[in-house]
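Novice: Shown below is the structure under consideration.
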Amino acid sequence: MLRVGPRRRFLRKPVSITRLTPARKAAAVRHLRRADAKLARVIAAVGTCQLTVRDGNAYRSLFRAVLYQQLAGNAAAAIERRVQALFGGRVPAPAQLLAASDEALRAAGLSRQKTVYLRDLAARFDSGALSVRRLAALPDAEVVAAVTTVKGIGEWTAHMLLLFGLGRPDVLPVGDYGVRKAAQQLYQLDDLPRPHTLEQIAAPWRPYRSVASWYLWRMLDTEVLL
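Each residue of the sequence shown is one higher than the one before, counting from 1 in this note's numbering.
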């Protein structure tokens, strides 16, 4: 008779998550200067990296990202203040948002579509399908896969969460117009680079593509001798 041993439990190996600390930003700048002569000119013109990472709470970051979608900054900020005023001046907890009436949210300035998106986001965090703690511990690709299940959240928003919300150092937002436009100018391309082309250009920047992306954004507002 064939004897079968005890069933082995395969546990997922813990993943070490790197975050963009001040020391890592300084290391990133040194690396990028050495790795890419063209980007080094941008760094010299722009100066010290001022990339700011928010509080690391994925729910609050996504809430704000959805609220700001397709709105000018001033208009979005005004709606944000009115929405938060409904909840004591804070981003509402998931349960609070789910309990709020559509009428109150609409009166604060949220469109019908934004209300649907924010309720879906809140429902997923309220149910535990998404978790601030788990998202903070996931690798970048898994964060993107998880949050893009929410209505109204695509890859670009997921990349902004990784970069500015979770402080991941090696994010390349391949769909961001500003990054693509700056890359087109810096590398004298005929057209805006497609994601694959941008990935190839950015290969030497690893593992600090977040900092390189920040410099490309700033490049558009800075005079750089190319």
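Glycine included, every Cβ here is placed at the ideal spot set by N, Cα and C. Being a predicted model, the structure only gives us computed values, none of them experimental.
Taking the alpha carbon of Val29 as the reference point, which residue from Leu216, Phe164 and Glu223 has its own alpha carbon closest?
Specialist: It is Leu216.
Novice: What is the DSSP secondary structure of Ser131, counted as helix, strand or coil?
Specialist: The answer is coil: DSSP assigns Ser131 none of H, G, I, E or B.
Novice: Can you list, in chain order, the stretches of the alpha helix (DSSP H) that have 4 or more residues and sit fully within the stretch 135-199?
Specialist: If we require 4 residues or more, the alpha helix (DSSP H) runs fully inside the stretch 135-199 come out as 140-147, 155-160 and 177-186.
Novice: Which full runs of the alpha helix (DSSP H) of 4+ residues lie inside the stretch 66-102, going along the chain?
Specialist: Those alpha helix (DSSP H) runs which fall completely within the stretch 66-102 and span 4+ residues are 73-85 and 94-99.
Novice: What's the gap between the Cα of Trp205 and the Cα of His196?
Specialist: Computed Cα separation, rounded: 15 Å.
Novice: In or out: Phe63 buried (at least 16 other Cβ within 10 Å) or exposed?
Specialist: Under this definition Phe63 is a buried residue.
Novice: In this structure, how does DSSP classify Ala45 when only helix, strand and coil are distinguished?
Specialist: Residue state, collapsed to three classes: helix.
Novice: Near Phe31, what residues of its chain come up, given a Cβ to Cβ distance below 6 Å and the 5 sequence neighbours on each side ignored?
Specialist: The question names Phe, yet the displayed sequence has His at residue 31. Tyr208, listed in sequence order.
Novice: So does the stretch 112-128 actually touch the stretch 163-173, counting three or more Cβ pairs closer than 8 Å?
Specialist: Verdict: no, contact absent.
Novice: Quick one: Cα of Glu229 to Cα of Val53, how far?
Specialist: Lying before the first or after the last residue shown, residue 229 is absent from the chain, which here runs from 1 to 226.
Novice: Select from Val42, Arg24, Ile17 and Ala26 the residue whose C-alpha is nearest the C-alpha of Ala183.
Specialist: For Ala183, the nearest C-alpha among the options comes from Val42.
Novice: Excluding the 5 residues preceding and the 5 following Val171 in the sequence, name in chain order all residues of the same chain whose CB lies nearer than 8 Å to its CB.
Specialist: Excluding residues within five positions, the ones whose Cβ falls inside 8 Å are Asp140, His159, Leu162, Leu163, Arg209, Ser210 and Ser213.
Novice: So, with DSSP's three-state summary, where would you put Ile201?
Specialist: Ile201 falls in the helix class under three-state DSSP.
Novice: Considering only their Cβ atoms, is the gap separating Ala58 from Val144 smaller than 9 Å?
Specialist: Contact: no.
Novice: Select from Gln50, Ala44 and Ile201 the residue whose C-alpha is nearest the C-alpha of Arg24.
Specialist: Of the listed residues, the one whose Cα sits closest to Arg24 is Gln50.
Novice: Could you check the C-alpha separation between Ala104 and Lys181 for me, to the nearest Å?
Specialist: So the two alpha carbons sit approximately 40 Å from each other.
Novice: Once the 5 residues before and after Tyr187 are set aside, which same chain residues still bring their CB inside 7 Å of it?
Specialist: Cβ within range, chain order: Lys38 and Ile201.
Novice: How would you label Tyr177, buried or exposed, when you count the other beta carbons within 10 angstroms and need 16 or more for buried?
Specialist: It counts as exposed.
Novice: Excluding the 5 residues preceding and the 5 following Asp36 in the sequence, name in chain order all residues of the same chain whose CB lies nearer than 7 Å to its CB.
Specialist: So the list reads Pro204 and Trp205, once near-sequence residues are dropped.
Novice: Quick check: the Cα distance between Glu223 and Tyr68, rounded to an integer number of angstroms?
Specialist: If I take the Cα positions, the gap works out to 29 Å.
Novice: Put Ser213 into one of helix, strand or coil per three-state DSSP.
Specialist: Reduced to three states, the DSSP call for Ser213 is helix.
Novice: Let me make sure I understand the geometry here. Which of Ala136, Leu121 and Val174 has the alpha-carbon closest to that of Lys151?
Specialist: Nearest option by C-alpha distance: Leu121.
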